[in-house]
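>
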Amino acid sequence: MFQGRRQESADKNRNLPLPIKDLDAVVLSHAHIDHSGRLPYLIAEGYAKTIWATSATRDLAAIMLADSAHIQERDAEFLAKRKKEFIEPLYGLRHAVRTMDLMVGVPYNKPFDVVPGVTATYVDAGHILGSASVVLDCTENGKTKRLVFSGDIGRSGLAIIRDPVPPEGADALIMESTYGNRDHESVEGARARLAQVIRETAARGGRILIPAFAVGRTQEMIYSLHALVKEGAIPSIPIYVDSPLAIDTTTVFEMHPEIFDKSEEMVVKAQELFRFELLRYTRDVEESKALSRARGPMIIIAASGMMENGRIVHHLAQGANDPRNTILVVGFQAEHTLGRRVVERRPVIQIFGEDVQLNARVEIINGYSAHADRTELATWLGRVKEKSPKLGPIWLVHGEPLAQDELKTTLRAKGYSAECPEPRTTHVF
Ligand SMILES: [Zn+2]
Ligand SMILES: [Zn+2]
């Protein structure tokens with residue numbers, strides 16, 4: 276699903292890459308909305324075959340797609356009321372529900388038949404709960420070739436989430452390139468910076484506003500804050516997770532300890548991971564509004580991650596002009612989003628159509644990224660290559676053009692045959 280400029284993304288989202296009747300199955304890599312968000316649209320357009328996913332992805336998708344349907348419907352309503360613009364929502368709740376009827380959860384590392392001649396296996400991509408790289412064994416005229424789709428590639432050392440498992444025996448590879456031109460700070464460095472930002476903001480009497488994706492990033496933040504509280508590294512100020520979606524997602528995490536990375540001692544005590552004394556979950560709208568009126572330092576984690584919608588927008592509308600506050604950016608901010616403008620530290624930002632002075636401090640910690648950076652992408656690929664003697668073409672996808680292009684240059688210098696394919700082109704291997 277495309278997000279960003281409304282009209283542009285609406286057009287892109289309605290434009291399917293191939294006719295529904297030509298689609299035999301869908302194999303989903305993970306639940307993030309840029310990957311799963313258009314599934315209900317497929318259903319609205321008549322798709323009625325199987326959608327494959329890992330079990331945790333299926334559970335996450337159930338709540339995320341319902342939420343996405345609400346957002347579509349609410350946006351359409353808002354435009355009709357305020358601007359007298361009438362757009363059909365991309366899909367509704369009934370399509371999200373029907374999507375879940377068609378979605379089948381399968382375990383990691385167990386091959387399953389997608390359609391005759393195509394077998395798939397999910398291996399851990401280490402990106403978010405349930406995320407996978409997809410290994411497709413395609414047999415035609417008695418010959419089998421292996422096509423690997425990387426999915427979104429995660430990082431080693433992330434809390435809770437297991438490390439990526441690079442697939443083996445690939446003949447060709449479709450690979451993501453989101454951070455193909457940048458390196459992140461280390462995972463450990465991120466937690467230390469987080470503690471520092473909280474201490475400084477609390478000392479000013481301000482609040483720390485953390486826009487975070489409800490799925491993955493929020494749980495990672497809760498876990499880090501829990502660890503910092505235990506270590507006594509941050510002052511005892513209230514922490515609010517102000518997002519119903521994040522609350523539901525946290526429950527899904529608690530349902531899947533079987534796929535947690537158990538290398539950190541704290542993770543082993545799974546029941547308590549996401550619950551501790553200073554932490555409050557606010558589901559109710561009134562409770563959320565009351566936060567704006569509350570005084571004193573506090574931490575508020577709310578969606579959406581790119582500040583485009585969700586409760587974080589209300590907190591920014593109230594708090595972005597206060598120099599005591601900190602807006603703490605812990606995730607990727609795409610072009611044409613409010614988040615990108617905050618990261619660029621524009622002096623004035625537009626929220627709900629009003630000008631707001633951006634006086635709050637803006638701190639960026641990119642060590643929480645769930646995406647492999649330039650170096651980690653090359654490392655992952657190196658490990659794929661080691662166990663794939665016949666690796667041929669590598670097609671780079673899922674990155675802004677600049678990131679894609681720079682990664683292509685880097686990989687070619689290492690001797691790979693990397694390409695940035697145009698959408699809707701056919702490639703043979
Ligand atoms: Zn993702
Ligand atoms: Zn993605």
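Residue numbers for the sequence shown follow our numbering, beginning at 276 and rising by one.
For every residue, glycine included, the Cβ atom is placed at its ideal position computed from N, Cα and C.
Every value quoted in this text rests on a predicted model; they were computed, and no experiment measured them.
Looking at Asp648: is its Cβ nearer than 8 angstroms to the Cβ of Asp458?
Locating residue 648 in the sequence shown gives position 373, counting from the first residue. Locating residue 458 in the sequence shown gives position 183, counting from the first residue. Going by C-beta atoms, Asp648 is nearer than 8 angstroms to Asp458.
> Taking Cβ positions, are Ile318 and His370 nearer each other than 8 angstroms?
Reading the sequence shown from its first residue, position 43 is the one you call residue 318. Reading the sequence shown from its first residue, position 95 is the one you call residue 370. Yes. Within cutoff.
> Using only the heavy atoms of ligand 2, determine whether one of them is closer than 7 angstroms to the beta carbon of Asp309.
Along the sequence shown, one-based indexing puts residue 309 at 34. Because some heavy atom of ligand 2 lies under 7 angstroms away, the Cβ of Asp309 counts as near it: yes.
> For the beta strand (DSSP E) that contains Phe424, what are its first and last residues?
Taking the first residue of the sequence shown as 1, we reach residue 424 at position 149. From DSSP, the beta strand (DSSP E) with Phe424 extends over 418-424.
> Is the beta carbon of Asp334 within less than 7 angstroms of some heavy atom of ligand 2?
Translated into positions along the sequence shown, residue 334 becomes position 59. Incorrect: Asp334 has no Cβ contact closer than 7 angstroms to ligand 2.
> Got a sec, what are the start and stop residues for the alpha helix (DSSP H) Asp376 sits in?
Counting from 1 along the sequence shown, the entry for residue 376 is found at position 101. Counting along the chain, the alpha helix (DSSP H) containing Asp376 begins and ends at 368-377.
> By a C-beta neighbour count over all protein chains shown, 10 Å radius and 16 as the cutoff for buried, is Thr601 buried or exposed?
For the purposes of this step, residue 601 is identified with residue 326 of the sequence shown, where counting begins at 1. The residue is buried, with at least 16 neighbouring Cβ atoms inside 10 Å.
> Determine the burial state of Pro441: buried for a count of at least 16 other Cβ atoms within 10 Å of its Cβ, exposed for fewer.
Residue numbering aside, residue 441 sits at position 166 when the sequence shown is read from its first letter. Buried: at least 16 other Cβ atoms inside 10 Å.
> With DSSP collapsed to three states, give me the class of Leu448.
Start at 1 with the first residue of the sequence shown, and residue 448 comes out as number 173. Of the three classes helix, strand and coil, the one that applies to Leu448 here is strand, per DSSP.
> Give a yes or no on whether 8 angstroms exceeds the smallest Cβ distance from Thr685 to chain C.
The question asks about chain C, but that chain is absent: this structure has only one protein chain.
> Could you say if the region 526-541 and the region 471-481 meet the contact criterion of at least three C-beta pairs nearer than 8 angstroms?
No contact exists between the region 526-541 and the region 471-481.
> Does Phe704 come out as helix, strand or coil in the three-state DSSP assignment?
Taking the sequence shown and counting its residues from 1, one reaches residue 704 at position 429. If DSSP states are grouped into helix, strand and coil, Phe704 belongs with coil.
> Applying the criterion that 16 or more other CB atoms from any shown protein chain within 10 Å of the CB defines a buried residue, is Lys683 buried or exposed?
Here residue 683 is taken as the residue at index 408 of the sequence shown, counted from 1. Lys683 comes out buried.
> In chain order, what residues of the same chain have a beta carbon less than 6 angstroms from the beta carbon of Ala334, not counting five sequence neighbours either side?
By one-based count along the sequence shown, residue 334 stands at place 59. Correcting the residue identity first, residue 334 is Asp in this sequence and not Ala. Same-chain partners within the cutoff: Val527.
> Ala470 and Ile709 - do their beta-carbons sit closer together than 8 angstroms?
Because residue 709 is not part of the residues shown, which for the chain are 276 to 704, the question remains open.
> Is it buried or exposed for Gln632, if we count other Cβ within 10 angstroms and need 16 for buried?
Along the sequence shown, read from residue 1 onward, the residue named residue 632 stands at position 357. It is exposed - the Cβ of Gln632 has fewer than 16 other Cβ atoms within 10 Å.
> So which of Met450, Thr396, Arg621 has the shortest CA-CA distance to Pro696?
For the purposes of this step, residue 696 is identified with residue 421 of the sequence shown, where counting begins at 1. Out of Met450, Thr396, Arg621, Met450 has the C-alpha closest to the C-alpha of Pro696.
> Taking its Cβ as the centre, do 16 or more other Cβ atoms sit within 10 Å of Gly429, making it buried, or is it exposed?
For the purposes of this step, residue 429 is identified with residue 154 of the sequence shown, where counting begins at 1. Classification for Gly429: buried.
> Would DSSP call Val605 helix, strand or coil?
The residue given as residue 605 occupies position 330 in the sequence shown. Note: Val605 maps to coil in three-state DSSP.
> Just the Cα atoms here: how many angstroms apart are Thr329 and Pro598?
Residue numbering aside, residue 329 sits at position 54 when the sequence shown is read from its first letter. Residue numbering aside, residue 598 sits at position 323 when the sequence shown is read from its first letter. Looking at the two C-alpha atoms, the distance is approximately 44 angstroms.
> When the distance is taken between beta carbons, is Gln494 closer than 8 angstroms to Phe549?
For the purposes of this step, residue 549 is taken as the residue at position 274 of the sequence shown. For the purposes of this step, residue 494 is taken as the residue at position 219 of the sequence shown. Yes, these two residues count as a Cβ contact at 8 angstroms.
> With Val409 as the anchor, note down where its beta strand (DSSP E) starts and where it stops.
As a position in the sequence shown, residue 409 is number 134, starting the count at 1. Note, Val409: beta strand (DSSP E), 407-415.
> Quick check: the region 563-578 against the region 491-511, are there 3 or more CB pairs under 8 angstroms?
Because the criterion of three Cβ pairs below 8 angstroms is met, the region 563-578 and the region 491-511 touch.
> DSSP three-state label for Arg570, please.
For the purposes of this step, residue 570 is taken as the residue at position 295 of the sequence shown. Three-state DSSP puts Arg570 in coil, outside helix and strand.
> For Ile575, which three-state DSSP category applies?
Sequence index remark: in the sequence shown, residue 575 carries index 300 (1-based). In the structure shown, Ile575 sits in a strand (DSSP, three-state: E or B).
> Cβ-heavy atom distance between His345 and ligand 2 below 7 angstroms?
Within the sequence shown, residue 345 is the residue found at index 70, counting from 1. Result no, Cβ not under 7 angstroms from ligand 2.
> May I ask you to check if the CB of His673 is nearer than 7 angstroms to at least one heavy atom of ligand 2?
If you number the sequence shown from 1, residue 673 lands on position 398. Checking the Cβ of His673 against ligand 2 gives yes.
> Taking Ala395 as the reference, which of Ile326, Leu340, Met375 has the closest Cα?
Along the sequence shown, read from residue 1 onward, the residue named residue 395 stands at position 120. For Ala395, the nearest C-alpha among the options comes from Ile326.
> Ligand 1 and Asp536: does the residue's C-beta get closer than 7 angstroms to at least one heavy atom of that ligand?
In the sequence shown, the residue the question calls residue 536 occupies position 261. Checking the Cβ of Asp536 against ligand 1 gives no.
> State yes or no: is the C-beta of Asp427 nearer than 7 angstroms to some heavy atom of ligand 2?
Locating residue 427 in the sequence shown gives position 152, where the first residue counts as 1. At least one heavy atom of ligand 2 is nearer than 7 angstroms to the Cβ of Asp427, so yes.
> So is Ser567 buried or exposed if we call it buried at 16+ other beta carbons inside 10 Å?
Sequence index remark: in the sequence shown, residue 567 carries index 292 (1-based). By the 10 Å Cβ count, Ser567 comes out exposed.
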